[in-house]
Amino acid sequence: MAPKAWADRWLAAQRAGRARLLVVGGASLDRIHVHGEPVSTPGGAGLYTALAAARAGAEVTMLAPFPDPMPVELAPALDRIRWVGPRVPIDGLPRFEIAYDDSGAVTFFREHLGAEPDMTPALLDSLDDLPEAAFCVPFLDARLQHEFVRALAERGCLTIAGTYGKAVREDTPTVLATAALADLFFCNADEATVLFGGVDGAATRHGALRFVTLGPAGAAVFQGDHRTDVPGVPAHALDPTGAGDTFCGTTVARVLVGDHPVEATRRATAAAAEMVEHLGPSALWATSPAPRPPEDERAWPDDVAIDRLAQRIADLAGGGDLSAFDFTGDLFPAVGDPGATAWFTAATLQQFGFWYERDGHYDRPMIATIGGNDRKGSDYLWAHYLRWAATEPGALGGARQATITDAEWSAAASDDTGRDPYPQPGRYAGLARAYGQSLLEIGMSAGDLVAAAAEHDRPMHALLRLLDHVGGYREDPLRKKAALLGVILRQRPEGCLPAAEGDDAPPIVDYHVQRTSLRTGIVTVDDADLRHRLESRTVLAAADEQAVRRAAWAAVAALSARSGKDMGTVDWFLFQMRHRCPEMTEPRCAECPALGACHQRTGLFQPVHRTTFY
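Residues in the sequence shown are numbered consecutively from 1063, following the working numbering.
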């Protein structure tokens, strides 16, 4: 598949704010044994997937046998999805009888296929408006599913497929071929063992996504060869029949809407947990949005403080005292430099971790001398990359970054004494390699990615979607570095990422913004133990850091919405406060533009947690 066709498929999946999905595969009339008693209920992988996707925000068309007359049990689907396909009598619907043990394992299965075997890819030609993304559910004949996925790929669709145990065991080569062809592929841990030798072997090609469900433990998300594990949401299962299909439909819809794949998976685990506590698809008939995963209530956005600070931001911007930074000056490429896009894309992914720890606590920020100037953290990185680009032309392109060694990276990073000042040099070199390898395997340069995004009706959203596949950016579910790059490219004088209605960046939450959020009070930490560890600058576990960071993300999003200012302006306001409310010296509150709109909780400190996200 040509590289541009890859980008086109991903970007066409959402246009004009619409996420359209075709689900190939339909409904059934089932009998489920609950606590030993048989209960009749609607079912079918296609129906569960379509309903879950619709509830999660997609516009869904389901291609499947259409019963005439429509059974009353299935009629509510017509209010939620567009159902098209050949008309069949009720007996043409598949029927399944299923029983489970207490662990959710199937103990009895009986099937009547109905008209399903009559489905062929020729039916796709009957659609007057083929959605840009298409999910083919696992048919009992794995070859039929593969034929559909191939036909959809040939029509330019973003292709999605799942599988099931019997097909995996009885026709492994066909299922593997389907998994290799699909842009997104779903299976469970047992199926991954047969197909890939285990969950660890489920990594996929760059530019594709793969999801492996792990039962109550959650799911593993593969963005190319990068794995993230997402915990499950506790549930008391009544009927697990459609758990996997609900997970698939929700994940796909949220990815199409624009969520990071890991965030989409978090939503999907919550939806699946809710669904299994109900009989059949009854939870999916709900008109309310799909559920969100539980929030960590130890830290939370304070609405009163947010309103107060948002008003201050609006007043400063309205009076001309605050505007977004244009990322020009001595630390950046000259305006009009044809290599600026590649430079910023390679450098911004390294914007993380500029601090040292000692004995389990924060010690000090990274400060070093380069070119005769003392530079702190982010500014040192910009100066380092500017020097690197000047002394080694082509060094920041994908081919060179893909092969950079730890020693070569440290040599390029050296300060005026010849020492690499970065706290963990190997992690920076590793991300540089992951970045370069991603670009090479996708077959696009940084400039190609940005140019493709710029042609979209929502360029920022498009860039974030493409960067979900690029090493150095893909790892963070909250997309801090990706959002920062988007803001840079939009605010630079060249304007290579055009502005568009409804196309702002998400919050750019690093440790400076978290420290500012805690000290101004827009994030409150009620938990005494967590608050003490923040004050004492103790290294935190990931769950503790996430509690604060997610609360800060929500608070900063609210600041932008309530101030009426774009994220670039809000972020610059918060980021600049690091000068007056720094890490190592007393805050200079009298000089701070937030004075009077700030709780002045100056004893609080950002979460001390080592990550490549920020």
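Just so you know, even glycine gets a beta-carbon here, dropped at the ideal spot from N, CA and C. Keep in mind the model is a prediction, meaning the values are calculated, not measured.
Residue from ARG1157, LEU1371, PHE1258, GLU1194 with nearest C-alpha to ILE1218: Note on residue identity: the sequence assigns Gly, not Ile, to residue 1218. When only C-alpha atoms are compared, the closest one is GLU1194.
Cα-Cα separation, TYR1573 to MET1629: Between TYR1573 and MET1629, the C-alpha separation is close to 17 Å.
Candidates ALA1464, PHE1273, PRO1521, of which the one nearest ALA1496 by Cα: Cα-wise, what sits closest to ALA1496 is ALA1464.
Identity of the residues DSSP links to ARG1082 by a beta bridge: GLU1121.
Separation of TRP1444 from GLY1704, as counted between CA atoms: This structure cannot speak to residue 1704, because the chain is shown only from 1063 to 1676.
Own chain residues within Cβ distance below 7 Å of ALA1297, not counting five before or after: Here ALA1297 has ALA1335, VAL1338, GLU1339 as same chain residues with Cβ atoms under 7 Å from its own Cβ, once five neighbours each way along the sequence are excluded.
Buried or exposed by the 16-neighbour rule on C-beta atoms within 10 Å, applied to MET1639: With 16 or more other CB atoms across the displayed protein chains lying within 10 angstroms of its CB, MET1639 is buried.
Proximity winner among ARG1552, ALA1213, LEU1189, LEU1621, relative to CYS1198 (alpha-carbon distances): Of the residues ARG1552, ALA1213, LEU1189, LEU1621, the one whose Cα lies closest to the Cα of CYS1198 is ALA1213.
Environment of HIS1594 [buried if 16+ CB atoms lie within 10 Å]: Burial call: exposed.
Helix, strand or coil at ASP1245 according to DSSP, with G and I counted as helix: DSSP, reduced to helix, strand and coil, places ASP1245 outside both helices and strands of the structure shown, so it counts as coil.
Distance, ARG1272 Cα to GLU1121 Cα: If you draw a straight line from the Cα of GLU1121 to the Cα of ARG1272, it is about 22 Å long.
Simplified DSSP assignment, three categories, for ILE1429: In the structure shown, ILE1429 sits in a strand (DSSP, three-state: E or B).
Beta-ladder partner(s) of GLN1285, from DSSP: In the DSSP output, where bridge partners are listed per residue, GLN1285 has LEU1271, HIS1288.
DSSP-derived helix/strand/coil call for GLN1373: GLN1373: helix per DSSP, three-state reduction.
Buried or exposed (CB count within 10 angstroms, at least 16 for buried), MET1124: Taking a 10 Å sphere around the C-beta of MET1124, we find 16 or more other C-beta atoms and assign the residue as buried.
Whole-angstrom distance between TYR1418 and TRP1450, CA atom to CA atom: When rounded, the separation of the alpha-carbon atoms in TRP1450 and TYR1418 is 24 Å.
Span separating the alpha-carbon of THR1647 from that of PRO1353: Going by the C-alpha atoms only, they are around 43 Å apart.
Beta carbon of ASP1153 nearer than 8 Å to that of GLY1119: Between ASP1153 and GLY1119, the gap from beta carbon to beta carbon reaches 8 Å or more.
Which residues DSSP lists as bridging CYS1558, in chain order: According to DSSP, CYS1558 shares a beta bridge with no other residue.
Stretch-stretch touch, CB-based, cutoff 8 Å, three pairs: the stretch 1399 to 1414 with the stretch 1650 to 1668: No, the stretch 1399 to 1414 does not touch the stretch 1650 to 1668.
Spatial distance of TRP1362 from ASP1589 (CA atoms): If I take the Cα positions, the gap works out to 11 Å.
Helix, strand or coil at THR1103 according to DSSP, with G and I counted as helix: Residue state, collapsed to three classes: strand.
Classification of HIS1208 by the beta-carbon crowding that lies within 10 angstroms, buried from 16 upward: Around the beta carbon of HIS1208, 16 or more other beta carbons sit within 10 angstroms, so the residue counts as buried.
Own chain partners of GLU1563 with C-beta closer than 7 Å, once the 5 adjacent residues on each side are dropped: Within the same chain, GLU1563 has no close Cβ partners at all.
Sheet register partners of LEU1220 (DSSP bridge): In the DSSP secondary-structure assignment, LEU1220 is bridged to ALA1195.
Cβ-Cβ separation, ALA1614 to VAL1571 (assumed contact under 8 Å), whole Å: That pair is a contact at about 5 Å.
SER1090 versus TRP1471: straight-line alpha-carbon distance, rounded: Between the alpha carbons of SER1090 and TRP1471 lies a gap of roughly 58 Å.
VAL1211 vs THR1225 beta-carbon contact at 8 Å: Result no, Cβ atoms of VAL1211 and THR1225 do not sit closer than 8 Å.
N-terminal and C-terminal residue of the beta strand (DSSP E) that PRO1363 is part of: PRO1363 -> beta strand (DSSP E) spans 1361 to 1363.
Minimum C-alpha distance to ASP1477 - residue among ARG1437, ARG1149, CYS1654: For ASP1477, the nearest C-alpha among the options comes from ARG1437.
Beta strand (DSSP E) runs contained entirely in the stretch 1339 to 1423, provided each spans 3 or more residues: The qualifying runs are 1361 to 1363, 1417 to 1420.
Extent of the continuous alpha helix (DSSP H) run through HIS1095: Going by DSSP, HIS1095 is part of no alpha helix (DSSP H) but of the beta strand (DSSP E) stretching over 1090 to 1096.
Within 8 Å, strictly: CB atoms of HIS1322 and ARG1541: Yes, the Cβ-Cβ distance between HIS1322 and ARG1541 is below 8 Å.
Reduced DSSP category for ILE1550 - H, G, I as helix; E, B as strand; rest coil: ILE1550 falls in the helix class under three-state DSSP.
Reduced DSSP secondary structure (H/G/I, E/B, other) of GLN1076: Strand at GLN1076.
Close beta carbons around SER1622, own chain, < 6 Å, minus the five adjacent residues each side: Spatial neighbours of SER1622 in its own chain (CB-CB distance under 6 Å, excluding positions within 5 residues in sequence) are listed in chain order as MET1629, VAL1632.
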